[in-house]
Every structure is written in C-alpha cells, then in structure tokens.
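Worksheet: one structure, shown below.
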Amino acid sequence: MPDQHPAKPAQTPPPDTTLGGLNQREVYYAQQHRAPNTLRGYAADWQEFTSWCQARGSQPAPADPAALTGYLTMLADSGAKLGTISRRLSSIRYVHRMRGMVDPTTLPRVMLVWDGIRRDKGHDASQSRPLLLPLLIDALDACPTTRVFKDPKRADEPDLAGARDRALLLVGFVAALRRSELSAMNVTDLDDHELGMVISLPRSKTNQHGPAELVVLPRSSNPARCPVTALTTWLDLAGITDGPVFRGVTKGNRARPGRLNPESINTLVQQAITRTGHNPDGYSAHSLRAGFVTHAHLRGATDRAIARQTRHRSLASVGTYVRVESAWNDNAATNLGL
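Residue numbers (UniProt numbering): 1 to 338.
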C-alpha cells in the first residue's frame with residue numbers, strides 16, 4: 001500500500017524561532033546540543049504557542065504566567081495527552097532560557113496548574129498500549145508481500161512497503177526504539193555482528209551530549225520473525241546503501257529518497273494493526289517500545305536487563321510499562337471461583 005504521508009527532508013533545520021542575537025555559525029553550534037528532531041519539535045511547539053498568544057493579544061516571550069496557565073488549561077481540556085503538554089512546556093522553557101529570559105514554567109502559578117493537570121489526568125492515560133507478541137506476529141503476517149500492477153506488461157514485484165513495514169515493526173520492537181530514533185536511523189548507523197547487528201544511536205531523547213548509544217539487534221532462528229533478516233531484505237529490495245533507513249514508498253513501488261517523519265511512523269504502525277482486523281485505537285509507534293518492555297518482563301527479564309536495551313536511566317521508568325500486565329500475576333482476584 002503506497003504511503004499517504006510523504007517523507008520530510010532528511011536534515012531540514014528547524015526555523016530559527018528560538019536563538020536570537022547569534023550569527024550563523026553560533027546558531028549551528030548552539031543547535032548541536034539537541035537532537036535535530038528535538039529542535040524541530042521545539043520550533044513547531046513554539047510557533048503554536050506564539051499563534052495562541054497572538055490570537056489573544058498576549059506576547060509569547062516573556063510569557064505572562066496567566067497566559068501560560070490559560071494555554072495549559074486549554075490543552076488539558078481539549079484532551080491533549082500529558083506527554084504532549086509536557087513537551088510544550090519544555091519548548092517554552094527552552095526558548096525563554098535561550099533568550100536569557102526568566103523561565104515562566106517554574107513560577108508558582110504555572111507549577112500549581114501543571115501539577116493539578118498531572119494529578120487529574122494521571123500518568124497511565126498518556127501511555128500507548130503495548131504491542132504484545134501475538135498481535136505483533138499477526139501484524140507481520142498481514143504485511144503485503146507481492147505487488148500486483150494493473151499494467152499486464154509489468155510483472156509482479158516484492159511489495160516494498162510491506163517489506164519496509166516488516167522491518168520497521170521488528171526493529172522497533174526488538175531494539176525498543178522511539179519513533180524519532182527509527183526516523184533518524186541511517187545506514188551508517190548499522191554494523192554487522194556475528195550475532196546479528198549493532199545499531200549506533202548518535203542522539204536520543206535521553207542522550208543529547210554523550211557518545212553514541214549501542215543497541216543490539218540479535219538474529220532470530222526463525223527467519224519470518226528475524227529483525228536482521230527483515231531489515232536487510234528491505235534495504236536490498238529498495239536498493240538502499242546510504243542515507244535514511246526507513247523511507248516512503250511511491251505508488252510505483254520505489255523507495256523515496258527522504259526519511260519517514262516520526263508521525264508517519266505512528267500511522268504505519270496503526271495501519272499494520274488495522275490490517276490484522278484489530279482496532280488500532282490506543283496504539284502508536286511507541287507501542288513497539290512498550291511491547292518490548294512488557295513482553296521481556298513477562299518472560300522473566302530483570303528491569304536492569306530490559307533497561308540495558310531501552311537505555312532507561314531509571315529502573316522505575318521501566319516499571320511504568322508493565323504495571324497493568326504485572327497486576328494480573330499472582331493475584332488472588334484471578335482465582336475466586338466466580
């Protein structure tokens with residue numbers, strides 16, 4: 001199935017809406033302290049907050065605390081997830097700090113409203129449903145394998161979008177990657193290993209300054225479920241030897257040059273679930289990462305072993321993924337004889 005979401009340019013820098021008073025080279029170096037996807041997100045969030053303020057006759061920077069609490073309330077009342085609201089606050093905080101202004105997100109009025117929103121919505125409401133192994137296998141099996149063309153003169157071909165989706169699902173699950181990491185992955189980040197592959201992540205949500213993080217991609221004895229086989233098959237069929245790993249596919253069954261953007265990856269995961277006949281509500285690209293954590297936990301992996309792959313800094317963060325599934329284990333309520 002051809003993509004409905006065209007790819008975005010690989011290295012388009014975010015608009016300079018945050019760094020004022022710097023020359024071109026200073027802006028370049030200043031932007032190296034954050035991953036490109038993070039900066040693009042900051043720029044988009046800041047533009048939205050700016051538009052919201054201007055529509056109400058308020059200036060975005062320095063932000064009036066009353067305007068900021070009104071903005072947070074609007075987001076919460078409109079159904080925005082906690083993660084979305086938190087990211088907007090991070091963007092507003094970033095802009096003010098870069099401009100040498102007082103950070104309005106730390107003011108008592110703003111913190112009080114934000115704490116109330118978090119308490120009201122709760123943490124779990126913002127989490128994606130984990131994509132567990134049975135549904136993952138169904139999604140893999142439902143990926144199209146053959147592309148049939150209307151032109152009788154054109155022979156059937158392997159379906160590139162299907163091969164891409166299989167690789168994306170398996171790599172995202174086994175490597176426990178975030179959607180931004182799947183989007184940013186380049187061929188040069190992949191290294192062969194006798195046990196499979198090693199993925200180098202130069203930048204991530206939790207690693208903005210340190211050396212590249214290494215994530216292992218073990219080879220499976222079952223080729224149909226092997227992430228290494230799926231990834232190399234996609235790259236070989238698409239003729240990709242350099243540049244972005246995960247790309248859009250044209251209606252003519254050819255790989256596009258640009259990388260998939262993170263939101264498109266969300267959509268592809270939901271489409272993969274829809275093909276199985278299941279309701280995709282509650283699932284997203286993050287369901288792959290959450291599914292890995294939950295499945296590994298259910299198979300007896302320790303939180304420390306899980307965190308080694310997910311790169312969580314806190315073991316408590318790992319526990320938030322498995323709270324629901326763990327609640328069913330060794331629980332008297334499941335054996336009442338009712």
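All C-beta atoms in this analysis are idealised placements derived from N, C-alpha and C, irrespective of residue type, glycine included.
Please state if the CB of residue j and the CB of residue i are separated by a distance shorter than 7 angstroms.
i	j	result
residue 246	residue 260	yes
residue 65	residue 131	no
residue 177	residue 253	no
residue 311	residue 213	yes
residue 67	residue 53	yes
residue 144	residue 237	no
residue 231	residue 171	yes
residue 285	residue 179	yes
residue 121	residue 72	no
residue 270	residue 262	no
residue 282	residue 154	no
residue 276	residue 151	no
residue 228	residue 196	yes
Taking the alpha-carbon positions, what's the residue i to residue j distance?
i	j	result
residue 84	residue 256	30 angstroms
residue 300	residue 307	14 angstroms
residue 242	residue 216	20 angstroms
residue 287	residue 76	23 angstroms
residue 226	residue 191	16 angstroms
residue 298	residue 25	50 angstroms
residue 222	residue 293	21 angstroms
residue 219	residue 93	43 angstroms
residue 188	residue 27	26 angstroms
residue 193	residue 91	39 angstroms
residue 199	residue 56	47 angstroms
residue 289	residue 23	39 angstroms
residue 32	residue 202	11 angstroms
residue 224	residue 278	21 angstroms
residue 37	residue 183	9 angstroms
residue 146	residue 156	7 angstroms
residue 41	residue 51	15 angstroms
residue 140	residue 258	24 angstroms
Looking only at its own chain, which residues have a Cβ that is under 7 angstroms from the Cβ of residue i, when we skip the five neighbours before and after it?
i	result
residue 136	169, 173 and 291
residue 61	95, 96, 99 and 101
residue 165	143, 268 and 272
residue 69	109, 110 and 113
residue 88	45, 49 and 75
residue 58	64 and 67
residue 163	233, 234 and 237
residue 186	243, 244 and 245
residue 117	72, 76 and 85
residue 409	Coverage of the chain is limited to positions 1 through 338, which leaves residue 409 absent and any answer about it impossible.
For residue i, count neighbouring Cβ atoms within 10 angstroms of its own Cβ and tell me buried if that reaches 16, exposed if not.
i	result
residue 104	buried
residue 119	exposed
residue 266	buried
residue 149	exposed
residue 295	buried
residue 39	buried
residue 115	exposed
residue 167	buried
residue 239	exposed
residue 79	exposed
DSSP beta-bridge partners for residue i?
i	result
residue 244	186
residue 200	214
residue 158	146
residue 255	249
residue 191	198
To which residues of the same chain is residue i closer than 6 angstroms at the C-beta, ignoring the five residues directly before and after it?
i	result
residue 309	176
residue 124	Legend: pLDDT at residue 124 = 46, less than 50; position of this residue unreliable, no value from coordinates given.
residue 304	none
residue 302	none
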